[in-house]
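Peer 1: Sharing a structure below in structure tokens format, with a few things to ask.
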Amino acid sequence: MHYAPAPLHIPDGFLNLVTSLVFWALTGLFVGIALSRTNKALGEKQVPLMGIMAAFIFAAQMLNFPVAGGTSGHFLGGALAAIVLGPWAGILVMTAVIAVQALLFQDGGLLVMGANIFNMGVLTAIIGFGLYRIVSASANKTLKLAAAGVAAWLSTVAAALLTALQLWLSGTSRLEIVLPAMLGVHLLIGIGEALITVAALAFLMQTRPDLLEAENVAAKGGTGWVIAGILVSLVAVLLSPLASADPDGLERVAEDLGFLDTGLDAPYQILPDYTIPFLGETALSTIIAGLVGAFVVLGLMILVGGLLKKRSA
Amino acid sequence: MHVNAFDRYYATESPLHRLDARVKVLGLIAFVLSNALLPDGAWAAFGLTWLLLLLANLASHLGPDFTFRRSFIALPFMLVALSALFAPNGQPLAEWNLLGLSLTPTDTGLIRFGSILLRTWLSVQAGILLVAVTPFPDLIHAFEHLRVPAILTTIIAFLYRYLFVLSDEVLRLLRARDSRSAAIPGQKSGRSVFWRAQITGHMAGQLFLRSYERSDRIYHAMLARGYTGHIRTLRAHVMRRRDWLSLVLLIAALLVVQLIGRIG
């Protein structure tokens with residue numbers, strides 16, 4: 007139980023060289039900016055803080071709660087780190103976590119580490135902080151918690167989407183299988199992530215409100231993050247159905263599986279970590295499903311946030 | 014928690030243990046890169062790479078199948094690559110029926126899947142070997158020598174040092190939850206999944222606070238002991254002739270592997 011691998015860590019060999027290097031370059035850019043900002047803006051005090059926060063994320067991933075049928079929900083923590091520590095520190099913390107997971111536990115590869123950091127560190131920081139930053143100045147606690155919940159859910163889903171796309175671009179997996187499988191699982195994992203993030207944040211708002219003061223949050227990242235967060239979120243919400251509808255993605259297997267006919271009735275099974283649900287949908291139905299899902303989560307988060315607030319009042 | 018729970022280092026005396034950590038890190042990167050560069054279906058080259066791995070295993074004095082026995086952790090991810098079996102451009106090999114779905118594995122798909130499997134398997138084993146023969150602090154120091162920014166390596170050093178402490182904190186939180194969650198066998202205990210997730214969230218928040226406040230105390234304790242932003246090590250870390258020779262030999266061997274992979 008000491009250490010449970012999270013299902014988003016791509017091992018070496020799964021991505022081709024071009025994809026790996028492109029994402030290493032992108033990650034290098036973000037981590038480089040994060041490092042230079044840390045160098046300039048913050049004293050040496052921040053380094054121990056970030057190291058211990060990285061250990062916190064690592065240890066928090068051991069927290070689990072029973073869901074059903076022997077499976078358990080886990081906490082990934084990227085969105086929470088970005089919201090509380092700020093996006094740049096969040097990126098550095100997640101970089102350290104992913105590097106140690108890859109080096110020490112071979113959970114995730116070296117050559118593909120750039121992609122792993124981008125999926126789980128950079129993307130979660132952009133969406134997590136960006137969406138939370140929209141309402142960070144608001145006095146409405148429920149609204150803030152709801153935004154954090156949606157951000158946590160969407161960042162998990164977006165990471166799964168990007169992972170699926172990377173595997174597809176590398177010719178490792180077939181898009182029409184890996185995309186619904188990855189999205190399917192992480193739509194659920196994301197809900198667990200959102201619930202934990204919201205509860206953790208509600209706890210922090212009561213015990214250490216100073217950490218989450220509006221000026222404090224605003225100082226950690228400007229409105230550029232809001233724009234980036236909204237744009238990336240929109241891309242993630244709109245890209246999933248478009249990728250699913252890609253004509254290339256409906257070739258032989260699509261015909262063999264015959265899922266165009268059977269549609270949503272196709273049977274699927276949930277494995278502990280991954281599912282292989284041979285779900286086939288049209289672009290429109292997926293877009294609607296995605297939007298409905300987003301609204302359901304939003305509603306749920308407002309509800310949960312409201313309940314938590316009432317209890318504290 | 015036992016202090017070695019997160020330690021993957023096997024303390025013993027061997028040529029591989031004595032090698033400079035930088036050589037081992039560069040060797041691992043070259044090894045993984047070589048695997049990624051090999052074309053699909055270059056079985057001879059994959060075999061030769063496995064042989065190199067076997068030699069490294071022997072040089073570590075940990076046993077010839079040391080890394081193999083520990084390498085199955087990457088297998089769950091193989092499910093993701095399974096869909097490569099059904100590549101559309103190739104000769105169909107069989108028709109499977111699975112829960113009413115017909116699947117057609119092809120020969121190109123099989124070659125692709127086998128190659129991905131081997132690349133991952135080899136790379137994972139090399140990683141396992143590296144952490145088994147190099148103490149983690151030396152590894153971090155090697156990355157610092159290899160021009161990884163000092164802030165990042167220091168963060169990683171702190172992460173490693175306090176991982177043990179915070180894991181104990183998590184175990185205490187989990188034990189506290191268990192001890193307050195008495196249940197009569199056969200009867201449903203606790204509340205809904207959402208409630209459980211919320212409790213876990215509070216535990217995450219609690220853990221965050223304890224970590225955050227601990228980092229404050231740690232910083233002040235370090236300041237009092239003369240911390241200037243750098244972590245010092247006692248080890249000299251000097252590249253000797255043997256280290257250079259090993260690096261050159263390994264890279265030469267990997268070049269041969271590449272050559273065989275391209276011709277064959």
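Keeping their order, the protein sequence lines are chains B and P. The first sequence begins at 7 in my numbering and counts up one residue at a time. The second sequence begins at 14 in my numbering and counts up one residue at a time. Built from N, CA and C at the ideal position, the CB exists for glycine as well. Source: prediction; values computed, not measured.
I need the DSSP call for P/P52, collapsed to helix, strand or coil.
Peer 2: coil
Peer 1: What is the C-beta distance between B/N122 and B/I16, in whole angstroms, given that I count them as a contact (C-beta under 8 Å)?
Peer 2: 6 Å
Peer 1: CB-CB under 7 Å to P/V206, same chain, minus the five flanking residues each way: which ones, in chain order?
Peer 2: none
Peer 1: Whole angstroms are fine: how far does the CA of P/F221 sit from the CA of P/L184?
Peer 2: 14 Å
Peer 1: Give a single yes or no on whether B/A31 has its beta carbon closer than 7 Å to a heavy atom of the ligand GTP.
Peer 2: With respect to small molecules bound, the structure shown includes none, and the ligand GTP cannot be examined in it.
Peer 1: Rounded C-beta distance between P/L179 and P/S224? I'm assuming under 8 Å.
Peer 2: 6 Å
Peer 1: Using only CA atoms, which one of B/S176, B/V204 and B/V241 lies nearest to B/F29?
Peer 2: Of the candidates B/S176, B/V204 and B/V241, the one whose C-alpha sits nearest the C-alpha of B/F29 is B/S176.
Peer 1: Any idea if P/V251 is buried or exposed, counting beta-carbon neighbours within 10 angstroms, 16 or more meaning buried?
Peer 2: exposed
Peer 1: Just by C-beta distance, which residues in the segment 51–63 of chain P are closer than 7 Å to chain B?
Peer 2: none
Peer 1: Hey, would you say P/V144 sits closer than 8 Å to B/L109, going by beta carbons?
Peer 2: yes
Peer 1: Using the three-state DSSP reduction, which class does B/L116 fall into: helix, strand or coil?
Peer 2: coil
Peer 1: What are the start and end residues of each continuous alpha helix (DSSP H) run of 4 or more residues lying completely inside the segment 143–229 of chain P, in chain order?
Peer 2: The alpha helix (DSSP H) runs lying completely inside the segment 143–229 of chain P and spanning 4 residues or more are 149–158 and 163–192, given in chain order.
Peer 1: Please identify, using Cβ separations under 8 Å, the residues of the segment 98–128 of chain B that lie next to chain P, in order along the chain.
Peer 2: Listed by position along the chain: L98, V99, T101, A102, V103, A105, V106, A108, L109, L110, F111, Q112, D113, G115, L116 and L117.
Peer 1: Would you say P/H74 lies against chain B (beta-carbon separation less than 8 Å)?
Peer 2: no
Peer 1: Can you tell me whether DSSP reads B/N70 as helix, strand or coil?
Peer 2: Look at B/N70 here: in three-state DSSP terms it is strand.
Peer 1: Can you name, in chain order, every residue of its own chain whose Cβ lies under 7 Å from the Cβ of P/G274, other than the five neighbours on each side?
Peer 2: L51, P52, A55 and A58
Peer 1: In angstroms with no decimal places, state the Cα-to-Cα distance between B/N70 and B/I197.
Peer 2: A direct Cα-Cα distance of roughly 14 Å separates B/N70 from B/I197.
Peer 1: Run through DSSP, which three-state label would B/T130 get?
Peer 2: helix
Peer 1: Give every residue of the same chain whose Cβ lies closer than 7 Å to the Cβ of P/L29, excluding the five residues on either side of it in the sequence, and list them in chain order.
Peer 2: Once the five neighbours on either side are set aside, the close Cβ partners of P/L29 are A69, A72, S73 and V146.
Peer 1: For P/V137, return the contacting residues in chain B, with the cut-off set at a CB-CB distance below 9 Å.
Peer 2: Simply P17, D18, G19, Q112 and G115.
Peer 1: On the three-state DSSP scale, how would you describe B/L21?
Peer 2: Reduced to three states, the DSSP call for B/L21 is coil.
Peer 1: Short check: CB of B/G134 to CB of B/G84, under 8 Å?
Peer 2: yes
Peer 1: Pick out the complete beta strand (DSSP E) segments inside the segment 68–140 of chain P, 3 residues or longer, and give them in chain order.
Peer 2: 109–111 and 114–116
Peer 1: Between the segment 145–165 of chain P and chain B, which residues of the former have CB atoms less than 8 Å from a CB of the latter, in chain order?
Peer 2: F149, L152, P162, I164 and L165
Peer 1: Taking B/A88 as the reference, give the member of B/V241, B/I236, B/L14 and B/G227 with the closest Cα.
Peer 2: Comparing Cα positions, the closest option is B/G227.
Peer 1: So does the segment 127–134 of chain P actually touch the segment 94–106 of chain B, counting three or more Cβ pairs closer than 8 Å?
Peer 2: no
Peer 1: Work out the CA separation of P/K37 and B/F64 for me, nearest whole Å.
Peer 2: 26 Å
Peer 1: Is B/H192 helix, strand or coil when you go by DSSP?
Peer 2: helix
Peer 1: Cβ of B/P283 less than 8 Å from any chain P Cβ?
Peer 2: Note that B/P283 scores 34 on pLDDT, short of 50, meaning its location in the model is unreliable and no value can be drawn from it.
Peer 1: Are any of the Cβ atoms in chain P nearer than 8 Å to that of B/G198?
Peer 2: yes
Peer 1: What's the C-alpha gap between B/S179 and P/R125?
Peer 2: Taking the CA atoms as reference points, B/S179 sits about 10 Å from P/R125.
Peer 1: Between P/A139 and P/V45, is the Cβ-Cβ spacing less than 8 Å?
Peer 2: yes
Peer 1: Determine whether the Cβ of B/L69 lies closer than 8 Å to any Cβ atom of chain P.
Peer 2: yes
Peer 1: Got a sec? Which residues, its chain only, sit under 6 Å from B/S239 by beta carbon, not counting five neighbours each side?
Peer 2: Excluding residues within five positions, the ones whose Cβ falls inside 6 Å are I133 and L160.
Peer 1: Measuring only the C-alpha atoms, how far is B/N222 from B/M68?
Peer 2: 29 Å
Peer 1: Using the Cβ count rule (16 or more neighbours within 10 Å means buried), how would you classify P/L272?
Peer 2: exposed
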